[in-house]
Structure formats: structure tokens, C-alpha cells
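These notes are about the structure you will find just below.
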Amino acid sequence: MTEPHLKPARSSTWKDSLGRTASRAAQILLILTLVVVAVYGLLQIRLLVIPVIIALILSAAIGPFVNLLRRRGVPGALATAIAFLALLILLGTLITIIVLSVRSQADELVTAATEGLDELQAFLTSGPFPITPEQLEQARTVVIDFATSAQFRSGAISGVSVVAEFLTGATLMIVILFFFLKDGKKIWEFFLRPFSGEREQKLRRSGARTLEVLGGYVRGTAIVALVDAVAIGIALLILQVPLALPLAMIVFIGAFIPLVGATLAGVLAALVALVANGPIVALIVVGVVVVVNQLEGDLLQPVVMGKSLRLHALVILLALTAGTILAGIIGAVLSVPIAAVAWAVLQVWTAEDPRLEPLNPDLPPAGSEPT
Numbered sequence: 001m002t003e004p005h006l007k008p009a010r011s012s013t014w015k016d017s018l019g020r021t022a023s024r025a026a027q028i029l030l031i032l033t034l035v036v037v038a039v040y041g042l043l044q045i046r047l048l049v050i051p052v053i054i055a056l057i058l059s060a061a062i063g064p065f066v067n068l069l070r071r072r073g074v075p076g077a078l079a080t081a082i083a084f085l086a087l088l089i090l091l092g093t094l095i096t097i098i099v100l101s102v103r104s105q106a107d108e109l110v111t112a113a114t115e116g117l118d119e120l121q122a123f124l125t126s127g128p129f130p131i132t133p134e135q136l137e138q139a140r141t142v143v144i145d146f147a148t149s150a151q152f153r154s155g156a157i158s159g160v161s162v163v164a165e166f167l168t169g170a171t172l173m174i175v176i177l178f179f180f181l182k183d184g185k186k187i188w189e190f191f192l193r194p195f196s197g198e199r200e201q202k203l204r205r206s207g208a209r210t211l212e213v214l215g216g217y218v219r220g221t222a223i224v225a226l227v228d229a230v231a232i233g234i235a236l237l238i239l240q241v242p243l244a245l246p247l248a249m250i251v252f253i254g255a256f257i258p259l260v261g262a263t264l265a266g267v268l269a270a271l272v273a274l275v276a277n278g279p280i281v282a283l284i285v286v287g288v289v290v291v292v293n294q295l296e297g298d299l300l301q302p303v304v305m306g307k308s309l310r311l312h313a314l315v316i317l318l319a320l321t322a323g324t325i326l327a328g329i330i331g332a333v334l335s336v337p338i339a340a341v342a343w344a345v346l347q348v349w350t351a352e353d354p355r356l357e358p359l360n361p362d363l364p365p366a367g368s369e370p371t
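With the UniProt record's numbering, the residue at position 269 of the sequence shown is 269, and numbering never jumps.
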């Protein structure tokens with residue numbers, strides 16, 4: 001009688017708790033490695049990536065206007081040209097107003113700054129925490145030495161290259177934006193060609209959600225920024241702070257950096273008030289900025305932004321920090337909308353129902369296509 005064939009015992013090395021933990025850890029490390037490599041690669045071509053992202057955000061914001069013109073019977077190319085030119089005129093008008101306002105009030109600001117610095121120096125030397133003239137002279141010497149140092153000059157030279165890179169990126173962004181507005185649907189259809197079935201439907205919904213989130217974010221942020229700029233600008237005009245209009249516009253632009261942008265712009269306005277009008281007016285400006293920011297965070301943001309930005313404040317802070325570390329100011333501006341889009345797309349792909357509508361009522365109807 002032959003003995004039955006004995007199967008070799010399978011190794012249980014990867015089946016116990018430690019093995020499963022090691023396997024999961026290896027998978028996580030592999031994913032993190034791929035993410036780091038991808039981010040590093042994108043940073044190497046940031047002159048291309050950043051204009052594409054900005055153009056996508058702007059096209060999502062003004063795309064509904066183009067679609068409205070098309071529904072009114074305006075040809076596609078003409079509707080794109082009208083929206084495109086309207087955006088350029090708006091940006092050009094803002095820049096022109098800032099430049100002309102600074103030039104017209106430059107002499108007044110210099111005179112007020114001289115008087116304000118003298119008043120500030122008197123306040124520092126005779127205030128509740130007096131500073132000796134010797135300490136002020138030492139601080140002035142440090143500032144002068146830095147301004148005349150080789151480090152400052154090298155920074156100025158690198159600033160010239162940054163300006164050249166900015167102009168190149170802006171030109172590229174304008175061109176990409178025009179084609180996104182004109183042929184955005186065709187471009188998206190081209191990328192969807194290799195896919196079919198459920199995967200294609202989810203990709204279509206991901207594209208629609210991306211445009212919805214980006215458009216809602218930009219339009220909502222613009223409304224909030226406008227309210228901040230008007231409120232702070234009126235306060236600066238009442239207090240007779242120089243450059244009130246340019247400072248209000250800086251507040252408007254700064255509001256596009258979540259959490260900290262409007263606050264930093266308000267601090268800049270307070271510094272101008274401190275130099276030109278003295279510490280009392282500067283403290284009033286700080287109070288106005290604090291009140292406006294509180295109203296924005298507690299009332300305006302939830303009402304205006306609505307469902308376009310469903311992110312916790314901690315997630316916004318972490319995204320803002322990561323974006324600033326990776327790409328500086330522009331990273332701070334783009335990090336939050338990118339995080340919002342990533343969360344929206346993740347919700348689309350993790351829904352249990354393939355049709356997605358019952359679990360995601362905010363999604364467009366099935367079969368809809370991004371515009």
C-alpha cells in the first residue's frame with residue numbers, strides 16, 4: 001500500500017500579524033515613493049505645470065459664462081474671445097489702478113512716512129517699554145548693512161530671473177487658458193478615448209466634479225475677497241490712510257490665499273497706517289482687519305462657499321503648508337483648490353453604487369459631460 005503524497009507545508013511567514021503588517025508597510029512605502037517621485041518630477045517642470053493648473057482653475061471659473069454666451073447663439077470661438085478679453089481687461093484694469101494710485105500718492109506717502117517714523121521713534125523711546133536711542137541706531141545699522149550686503153544683491157539678481165520666469169509662465173498660461181476655453185471639451189474627450197464602461201463614467205463624473213469644485217471655489221473666494229476689500233478699503237479711507245485703494249486691492253488678491261492671505265494683507269495695511277498715521281490709527285486698522293476676518297470665517301465663508309469646499313480647517317492648513325513648502329506663494333494659492341478637487345474625485349471613485357447619484361446627490365446626472 002503506497003503512502004499518500006504529502007503536500008509540502010506552505011510557509012506562513014507572511015500570514016501572521018507581523019507578516020501582514022510588514023506587507024502593508026511595504027505597500028505604503030512603495031506608494032509614498034511613487035508620490036515623492038511624481039511630485040519631484042512635477043516640480044522640475046513647474047514652469048509648465050503651474051500655468052496649466054492656473055489655466056484650468058480660471059477656465060472652470062469663467063467657463064459658465066462662455067457656455068451662457070453659446071446658449072444665446074454666440075459662436076464658440078467668439079464666445080471664447082469675449083470671455084478671454086473680458087478677463088484680460090479686468091486684470092489689466094486692476095494692475096493699472098494700483099500703479100496709478102501708487103504714483104499719484106507717492107509724494108504724500110513719503111511726507112507722511114517721514115512724520116510717522118519720527119512719531120514712531122518718539123513712541124518707542126518714551127512708551128511703556130522704552131527703547132534707548134542706541135538700540136534704535138543699532139537696529140538701523142543692521143538694516144543698512146543687510147541692504148548693502150552681497151547676500152541682498154544676489155537676492156536681487158535672483159529676483160530678476162524670477163520676474164523673467166513669471167512673465168514666461170504668465171504668457172504660457174494665457175495661451176493654455178484660451179485653448180481650454182475654446183476646445184476644453186474636445187481635449188477632455190481625447191483623454192477619455194482609452195476608457196469605456198464604468199471607468200469612463202467615473203472619469204466623466206470626476207471631470208465634472210473637478211470643474212464644479214474649482215469654479216465654485218474661485219467664484220466664492222472672489223465674492224469673499226471683494227467683501228473683505230470693500231470693508232477694509234472703506235475703513236482705510238475713513239481713517240485717511242495713504243494708498244487706501246491699492247491696499248484694498250492687495251487685500252482682494254491676498255484673500256485667494258486661504259486662512260492667512262487676507263490677514264497678511266491687512267497687516268500690510270496696518271504697517272502703512274503705522275508709518276503714515278501713527279500707532280493709534282494702526283491699532284484701529286488692526287481691529288478692523290480682525291473684525292472683518294471673524295465675520296468672513298463665521299458668516300461669509302459658510303454661506304458663499306457652500307458645498308464647493310468641503311474641507312476641514314486642519315486639512316486646509318496642512319495643504320496650505322505643504323503647498324508653500326513645495327512651491328512658495330503660488331503653491332499656497334493652488335494647494336487648497338487642488339486638495340478640494342482631490343477629495344471630490346476620491347468621493348467619486350470610492351462610491352459603492354457605480355451610478356454614484358444616490359450616494360453623491362451633488363454630482364451631475366449620468367451621461368453628462370464636462371463643459
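All C-beta atoms, glycine included, are put in the ideal place defined by N, C-alpha and C.
| Query | Result |
| --- | --- |
| At least 3 beta-carbon pairs within less than 8 Å: the segment 315-329 vs the segment 270-286 | no |
| Terminal residues of the alpha helix (DSSP H) in which K202 lies | G197 to I238 |
| First and last residue of the uninterrupted alpha helix (DSSP H) at G328 | A313 to W349 |
| Validate contact between the segment 85-95 and the segment 237-244 using beta carbons, cut 8 Å, 3 pairs | no |
| Three-state class that DSSP yields for K182 in the structure shown | helix |
| Anticipated Cβ contact below 8 Å, I50 with G184, distance rounded | Actually they are not in contact, since the Cβ atoms of I50 and G184 sit about 19 Å apart, beyond 8 Å. |
| Supposed close pair F190, A225 - CB separation, criterion 8 Å | So it is not a contact: roughly 35 Å between Cβ atoms. |
| Sequence-distant residues of the same chain with beta carbon closer than 7 Å to I57, five excluded per side | L214, V218 and P337 |
| Helix, strand or coil at I50 according to DSSP, with G and I counted as helix | helix |
| CB of A255 within 9 Å of CB of V289, strictly | no |
| Ranges of the alpha helix (DSSP H) found wholly within the segment 55-88, counting only runs of at least 4 | none |
| Other residues of its chain near F180: CB distance less than 6 Å, five sequence neighbours each side excluded | A55 and S59 |
| Cβ-Cβ distance between I232 and G266 below 9 Å | yes |
| Proximity below 9 Å, CB of L311 to CB of A340 | yes |
| 8 Å Cβ shell around I53 - same chain, five flanking residues per side excluded | L334 and I338 |
| Short Cβ contact (9 Å threshold) for P242 with A276 | yes |
| V175 versus L30: straight-line alpha-carbon distance, rounded | 37 Å |
| Straight-line gap, E357 to A322 (C-alpha atoms, nearest Å) | Only weak support is given to the placement of E357: the predicted model assigns it a pLDDT of 48, under 50, and the value that follows is read from those uncertain coordinates. E357 and A322: Cα-Cα distance of roughly 33 Å. |
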